[in-house]
Amino acid sequence: MSKGESLLSARVQAMEESATIRMAQKSRDLAAKGVHVISLSLGEPDFDTPEFIKQAAWEALKKGNTKYTPVPGTLDLRKAICEKFRTENDLHFTPAQIVVSNGAKQSIANICMSMLNEGDEAIVLAPYWVSYVEIIKFAGGVPVILNAGIEKDFKVHPHEIAEAITPKTKMLIFSSPCNPTGSVYTFDELKAIADIVAAHGNMLIVADEIYEYINFTGKHASIGAFDHVRHLTATVNGFSKGFSMTGWRLGYMGGPDWLADACNKVQGQFTSGAASFSQEAAAVALRAPRDEAFAMRDAFLRRRNLMIDLLSDVPGLKINKPQGAFYIFPDVSAYFGTSNGNVQIHNADDFAEAMLTEAHVGTVSGSAFGADQCVRLSYAASDEDLKEAVRRIRQTLLNFK
Ligand code: PMP
Ligand code: GLU
15 MSKGESLLSA RVQAMEESAT IRMAQKSRDL AAKGVHVISL SLGEPDFDTP
65 EFIKQAAWEA LKKGNTKYTP VPGTLDLRKA ICEKFRTEND LHFTPAQIVV
115 SNGAKQSIAN ICMSMLNEGD EAIVLAPYWV SYVEIIKFAG GVPVILNAGI
165 EKDFKVHPHE IAEAITPKTK MLIFSSPCNP TGSVYTFDEL KAIADIVAAH
215 GNMLIVADEI YEYINFTGKH ASIGAFDHVR HLTATVNGFS KGFSMTGWRL
265 GYMGGPDWLA DACNKVQGQF TSGAASFSQE AAAVALRAPR DEAFAMRDAF
315 LRRRNLMIDL LSDVPGLKIN KPQGAFYIFP DVSAYFGTSN GNVQIHNADD
365 FAEAMLTEAH VGTVSGSAFG ADQCVRLSYA ASDEDLKEAV RRIRQTLLNF
415 K
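Rendered as structure tokens:
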């Protein structure tokens, strides 16, 4: 460690860099050297933001909507979010219970910083999205990780949640549809989880529903809509995935008054309100029909099927059938202990590294998501890129013995 680095806080030194962002950067770095890299690492829709949303932002800019907004978001956007929650999710909030943030990532950070004391436990259903665990630890909490493998479709059984609850438990956090697995908890599974939390009565569910529209099962179910956990749920959502607005940096949470007030206070000290013109366009997006969102979902479903087809031709990979999001999460452990004479694969990190250096395909190791047998491939890419990526992976793996 250099002299300067020793000035860094212990908290930051203990924090892992985001693996999704690191692998995306590694893919870019290799591409900058002239290598043709296909990056399936970053979880980002490959579609442009729908034109009418861009138009709305442009109109907002033209009329001078370029100033600070209230910290929790403009009243107009929060009203549009309340209406969206009511009509699509059967969730009933007042605008005072909504906090709009710079992405769902900040919503989750606000919640964790608002709730966790040193040593408080947060139950995380694994495989989990990379940032949950680091945010929980940064806030002083202790992640309690419950794991489910591919044979269980990566879904933790509710009774395991009941067994993990201790007097220190403050929250349960998970995403459905899930990043990185694409798994979707069914209505009945969500109800069983809600029953457990309601029986406990003094913990919060953080339901990350950012992939709500990219759900291949039919209707999305929100756990916060079960009557007995309405007051015990914070629902997190955002514009990045469903509306393909990753760069606009807009997410939000709806939850109990005490939590919204705390998130508002935290955000007021850290970043203030999200971008004003992004918010105006987002309100327009929410009030419009979902045609574009569902067209993107249909494209992802078609690509999901294509990926299952393509990957089932790669020897040794175990795959399941993801029901949402735009990821596939093969178990690659059959390759642990193999080598192509140039590089060795001992674990999922080596596998992802080998795919980048030998096949020039960017993926993310499952270890970042609490699943060290798997790697994540995003299929938010063109058919041509997906076909070529899997062709390269297959070709490369044939040499690993
Ligand atoms: N939750 C999950 C499960 C995600 O995949 C992402 C993607 N980045 C986020 C939250 C955060 O999204 P954003 O900050 O772009 O709204
Ligand atoms: N959520 C996306 C992913 O998982 C974007 C990157 C990030 O914010 O981690 O790849």
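Numbering (our numbering), first residue to last: 15 to 415. Backbone N, C-alpha and C define an ideal beta-carbon position, used for all residues, glycine too. As the structure is a prediction and not an experimental result, all values here were calculated from the model.
#1: How big is the Cα-Cα spacing for T410 and K40?
#2: DSSP has Q358 in a bridge; who is on the other side?
#3: Could you tell me the boundaries of the beta strand (DSSP E) in which E135 lies?
#4: Using DSSP with H/G/I as helix, E/B as strand and the rest coil, what is Y82?
#5: Quick check for students: name the residue ranges of the alpha helix (DSSP H) that lie wholly in the region 119-207, counting only runs of 4 or more.
#6: Can you round the beta-carbon distance between E372 and N354 to whole angstroms, since I take them to be within the 8 Å contact cut?
#7: Tell me which same chain residues have a C-beta within less than 8 Å of the C-beta of N229, skipping the five on either side of it?
#8: Give the straight-line distance between the Cα atoms of T200 and Y146, rounded to the nearest whole angstrom.
#9: What residue from M185, A313 and S189 has the CA that sits closest to L273's CA?
#10: Hey, which unbroken runs of the alpha helix (DSSP H) at 4 residues or more fall wholly within the region 70-115?
#11: Pop quiz: C126 and I164 are said to be a contact at Cβ under 8 Å. What is the actual Cβ separation, rounded to whole angstroms?
#12: With a Cβ-Cβ cutoff of 8 Å, do A205 and F240 count as a contact?
#13: Mind checking whether F350 and I359 have CB atoms under 8 Å apart?
#14: Just how far apart, CA to CA, sit V250 and F188?
#15: If you measure between the beta carbons of Q111 and D271, is that distance less than 8 Å?
#16: Sort P64, N334 and L54 by Cα distance to D305 and report the nearest one.
#17: In chain order, what residues place their C-beta within less than 6 Å of a heavy atom belonging to ligand 1?
On the basis of the data shown:
#1: Residue 410 sits at position 396 when you count from the first residue of the sequence shown. Residue 40 sits at position 26 when you count from the first residue of the sequence shown. Their backbone Cα atoms lie some 19 Å apart in a straight line.
#2: In the sequence shown, counting from the first residue as 1, residue 358 sits at position 344. Bridge partners of Q358: S353.
#3: Position 121 of the sequence shown, counted from the start, is the residue given in the question as residue 135. Following the DSSP letters along the chain, one finds E135 inside the beta strand (DSSP E) bounded by residues E135 to A140.
#4: Your numbering for residue 82 matches position 68 in the sequence shown. Reduced to three states, the DSSP call for Y82 is coil.
#5: Within the region 119-207, the complete alpha helix (DSSP H) runs of at least 4 residues are 144-152 and 172-178.
#6: Numbered from its first residue, the sequence shown carries residue 372 at position 358. Numbered from its first residue, the sequence shown carries residue 354 at position 340. Correct: roughly 7 Å between the Cβ atoms.
#7: Position 215 of the sequence shown holds residue 229. The answer, listed in chain order, is P191, V198, R311, Q337 and G338.
#8: Taking the sequence shown and counting its residues from 1, the one referred to as residue 200 is at position 186. Taking the sequence shown and counting its residues from 1, the one referred to as residue 146 is at position 132. Approximately 22 Å between the Cα atoms of the pair.
#9: In the sequence shown, residue 273 corresponds to position 259, counting from 1. Of M185, A313 and S189, the residue nearest in Cα terms is M185.
#10: If we require 4 residues or more, the alpha helix (DSSP H) runs fully inside the region 70-115 come out as 89-103.
#11: Taking the first residue of the sequence shown as 1, we reach residue 126 at position 112. Taking the first residue of the sequence shown as 1, we reach residue 164 at position 150. For C126 against I164, the beta-carbon gap comes to about 28 Å, at or over 8 Å, which does not count as contact.
#12: Reading the sequence shown from its first residue, position 191 is the one you call residue 205. Reading the sequence shown from its first residue, position 226 is the one you call residue 240. The displayed chain sequence assigns Lys, not Ala, to residue 205. Yes, they are a contact pair.
#13: One-based indexing of the sequence shown puts residue 350 at position 336. One-based indexing of the sequence shown puts residue 359 at position 345. A contact, by the Cβ cut-off of 8 Å.
#14: In the sequence shown, residue 250 corresponds to position 236, counting from 1. In the sequence shown, residue 188 corresponds to position 174, counting from 1. Looking at the backbone, the Cα of V250 and that of F188 are separated by about 10 Å.
#15: As a working mapping, residue 111 is identified with position 97 in the sequence shown. As a working mapping, residue 271 is identified with position 257 in the sequence shown. Between Q111 and D271, the C-beta spacing is below 8 Å.
#16: For the purposes of this step, residue 305 is taken as the residue at position 291 of the sequence shown. For D305, the nearest C-alpha among the options comes from P64.
#17: Going by the Cβ distance cut-off, the answer is G57, G117, A118, K119, W143, S189, N193, D222, I224, G252, S254, T260 and G265.
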